[in-house]
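Numbering (the numbering used here), first residue to last: 166 to 783. A short worksheet on the structure shown next.
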Amino acid sequence: MLNKYPLWKNLLIVLALVFACIYAAPNLYPPDPAIQVTPARSGAEMSEATLKRVRDTLTSANIEFFGEEVTGSTALFRLTSADNQLKGKDAIQRALGDEYIVALNLAPTTPDWLLSMGAGPMTLGLDLSGGVHFLMEVDMDDYLKGRMENYREEFRNRLREEDLKYRRIQLDGQALVISFINSDVRAEGMTFVGRNYPEFLMDSEDGEYADLRLSIKETKVKEFEDYAIKQNLTTLRNRVNELGVAEPLVQRQGRNRIVVELPGVQDTAEAKKILGKAANLEFRLEAEPGASRFLTEEYGFRNDEYRTARLQKKVITTGDSVTNAQPAFDENGFPQVNIDLDSKGGAMMTQVTRKAVGKRMAVLFVERKPKTTYEMVDGVEVPKTIQVVEKSIISLATIQSTLGNSFRITGLQSAEASELALLLRAGALAAPMYFVEERTVGPSLGKENIEQGVNSVILGLALVLLLMVVYYRVFGLVADVALMANIVILIALMSMIGATLTLPGIAGIVLTVGMAVDANVLIFSRIREELRAGRSPQQAIHEGYNRAFVTIFDANLTTLIVAVILFAVGTGPVKGFAVTLSFGIITSMFTAIVLTRAIINLIYGGRRIDTLSIGGRV
């Protein structure tokens, strides 16, 4: 029988629509503006005293809040107004100090019954939901100082190998000063440096010793800077990927700055902590009793402030040599981090530990942290942030046998082990960085953008709906129903796969509204032509859908190919537009061909009819 779907096909269409409504529903629940408080140190607990300080601070600032939630070490305070977020964040940060990370966030309001089904709202881009914008500056002076320290150690070994006697090697700013025993040896040293280290400029200095001053060339400095920026970019991108942020932006700005934008992050405090943490590891042997204080350093333990140990200054290897790090648990159920080193780091570890079996090796956690102070400038307190380096021992264990490329680190809490593994796995920062600027794209901007975008969708949708009803009558009304279903299915699909909706993405939805009815226009026009050719209404409907399918498929396929190319080669807003356009094409094919056909079949199929309410002259 013409124009009659079997029961299973109708049920399948209804099931798809119900499924789409459920997974699109979370977008009807807008999130609450919130302030998130998290201890800067992993594994630290959120105490009741800290929560009370936050409450008192918000109350003193006349900021209304509700729905206080504590999950593990994170506290979330929901606010009644987004206008008070920035004010509340600044007040809390000053009250708690640098031991806590205070960040703006959006707290979801999706009902539990939807969450239990795996439904959640769409991920919104930076221009809609807001997010964080970091401007980070790479400390090139510190990085170059570190590179010169490496050169210093390398020259000590190489000069001994070449039997070039020297008294000392000193670091003077960004230059090395090698004091040879006499001018003849210095001449040999200059020949050696010129042959093996062309990146240095040499200048002899006569005085108490036969000094050779080595200054690194500007071209080499630029090469070092480019390497540091590229390595830090890679590390930051890896860290962002570990956080699972959709559509992030990490790019270089100027000579020594990096921009990081994280749209719609679920845990902004954690993101700030991970991105801003310039952490590394140093592996050192414990100092022998009676060892010279000039060759040793004393450090405290990370988890025991009253315990200390004296370590050798010489570093076996660092976190830079780590190729993989995974959190795990030992045979007693205690957290640990399994470490894999590269060939160079593994060789150094083997060389040192082979002679140190029975001795103890320490794992030193090196962390660069911001410290905020307040200064009076023209009668106004202005925050000033400086970077301080903290080193603490996280593990001090006896070497049972020679270590190689793989070993484990113990003595950590579970949260610390996970964070350390993430930082090491993402890669160490080549050069330390600090935040120059931290901005939050406020919810008010996103709200305004969303309202304008939604208004444009509504206006375009209303005009299309009206035009279709006026021009195609009942068939136009059916197309309108399919168009509404298309938008619901599109939103559900984007919510399910975690696609990011941006402002250009909303433009893609507006374009989809027009494209969605285009297929129906082709079908309905074809039905009119078949009626003019003398076919019966049932035959006209059947032939109209069948003969228009190839044209519709070809047109949508070519557009889809373009959208895929835009997604592949584009970035940021272009990708956002391509995503919604691609999904819109797919969903419009379903609603325009399958759904409208099902509704038309229910209205006209399976019975004798003489005329069709399709408008126009037939």
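Ideal placement from N, C-alpha and C gives every residue a C-beta, glycine not left out.
For the pair of segments examined, the stretch 171-183 was found not to touch the stretch 713-721: the number of CB pairs separated by less than 8 Å stays below three. The alpha-carbon of Leu271 is positioned some 41 Å away from that of Arg472.
Beta-bridge partners assigned by DSSP to Arg693: none are found. Rounded to the nearest whole angstrom, the CA to CA distance from Cys186 to Thr288 is 17 Å. Close CB contacts of Tyr316 within its chain, under the 7 Å cut and outside five residues either way in sequence, are with Leu341 (chain order). Beyond the five residues adjoining it in sequence on each side, Gly311 comes within less than 7 Å, by CB distance, of no other residue in the same chain. Taking 8 Å as the upper bound for CB-CB distance, Val554 and Asn421 are not in contact here, some 19 Å apart.
Here Ile559 is not near Thr518, since their CB atoms are 7 Å or more apart. In the DSSP annotation of this structure, Met305 is not part of any beta strand (DSSP E); the continuous alpha helix (DSSP H) holding it starts and ends at Met305 to Glu326. Counting every other CB atom within 10 Å of its CB across the protein chains shown gives Lys217 a total below 16, marking it as exposed.
Rounded to whole angstroms, Leu414 and Ile692 show a C-alpha spacing of 49 Å. Here Gly523 carries a coil assignment [DSSP, helix/strand/coil].
The residues Ala375, in chain order, have a CB closer than 7 Å to that of Ser348 in the same chain once the five nearest residues on each side in sequence are set aside. The Cβ-Cβ distance between Thr275 and Asp197 does not fall below 7 Å.
Sequence-distant Cβ neighbours of Ile381 in its own chain, meaning closer than 7 Å and more than five residues away, are Gln339, Glu364 and Phe365.
The three-state secondary structure of Ala490, taken from DSSP, is strand. A Cβ-Cβ separation of about 6 Å places Ala672 in contact with Phe742 under the 8 Å criterion.
Under DSSP, Glu302 takes part in a beta bridge, and its partners are Arg422 and Tyr599.
Put simply, the stretch 755-772 touches the stretch 644-658. At least three CB pairs are less than 8 Å apart.
With a 10 Å radius around the Cβ and a threshold of 16 neighbouring Cβ atoms, Gln418 comes out exposed.
Rounded to the nearest whole angstrom, the CA to CA distance from Phe231 to Val267 is 17 Å.
For Pro363, there is no enclosing beta strand (DSSP E), since its DSSP letter is neither H nor E.
Going by DSSP, Val729 is part of the alpha helix (DSSP H) stretching over Pro702 to Val734. Collapsing the DSSP output to three states places Leu628 in a helix.
Taken through DSSP and simplified to helix, strand or coil, Tyr471 comes out as strand. One Cα belongs to Leu440, the other to Asp337, and the distance between them is close to 32 Å.
Residue range Pro738 to Met754 is occupied by the alpha helix (DSSP H) that includes Gly741. Excluding sequence positions up to five before and after Ser486, its CB lies within less than 7 Å of the CB of Leu506, Asp507, Lys509 and Gly510, all in the same chain and listed in chain order. If you draw a straight line from the Cα of Leu309 to the Cα of Tyr188, it is about 53 Å long.
Around the beta carbon of Ala493, fewer than 16 other beta carbons sit within 10 angstroms, so the residue counts as exposed. The distance from the Cβ of Thr215 to that of Leu261 is about 7 Å, consistent with a contact at the 8 Å cut-off.
Per the C-alpha coordinates, the member of Ile394, Asp391, Lys395 and Tyr362 positioned closest to Leu379 is Tyr362. For Met367, the secondary structure class from DSSP, reduced to helix, strand or coil, is strand. Relative to the Cα of Ser281, the nearest Cα in the group Ala490, Pro738, Ile623 and Pro191 belongs to Pro191. Thr461 has Gln477 as its beta-bridge partners, per DSSP. Rounded to the nearest angstrom, the gap between the Cα atoms of Val350 and Glu318 is 19 Å.
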